[in-house]
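Student: Residue numbers (the numbering used here): 432 to 588.
From the three backbone atoms N, C-alpha and C, an ideal C-beta is built for every residue, glycine too.
#1: Following the continuous beta strand (DSSP E) through residue 444, name the residue where it begins and the one where it ends.
#2: Between the region 477-492 and the region 452-461, can you find at least three pairs of beta-carbon atoms closer than 8 Å?
#3: Assuming residue 447 and residue 491 are in contact, meaning their beta carbons sit under 8 Å apart, how far apart are those beta carbons, in whole angstroms?
#4: Are residue 436 and residue 489 closer than 7 Å when you measure CB to CB?
#5: From residue 433 to residue 512, what distance separates their C-alpha atoms?
#6: Going by DSSP, name the residue or residues bridged to residue 486.
Have a look at this one:
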């Protein structure tokens, strides 16, 4: 329907959601097992929608997902620890790092799969969305420009 209406679809495979079953079974993104389940989902999407979708996002804002779900506890599965919140489970010092690690590896596997098996036939492009902030130097001096570059590298990769 999108294309009939002149709308080019952009498909995001993971946008802050996942089956509760994966959380219950093995902790979802806290487990390396999630990488292969994500790869299966990505492959299913490429096969099912690749004839109509040319723009793919593997994972939307993994850094924000980790922060909101495993530091602040505001998004499912609502993990956190003091001083960031008072959740019943979680370790805000280590869990967000594990989650982003597994998400980035899953992203890499999905990109590799797409490029090797689907891209030449489907002609699409694939990437990751990372949330960042805007920074500007306070003064027009090299040290402030370097500080901006460090902040961008830290928050946006």
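Tutor: By the coordinates alone:
#1: 441-445
#2: Counting Cβ pairs under 8 Å, fewer than three are found: no touch.
#3: 7 Å
#4: no
#5: The alpha-carbon atoms of residue 433 and residue 512 are separated by roughly 43 Å.
#6: 441, 556
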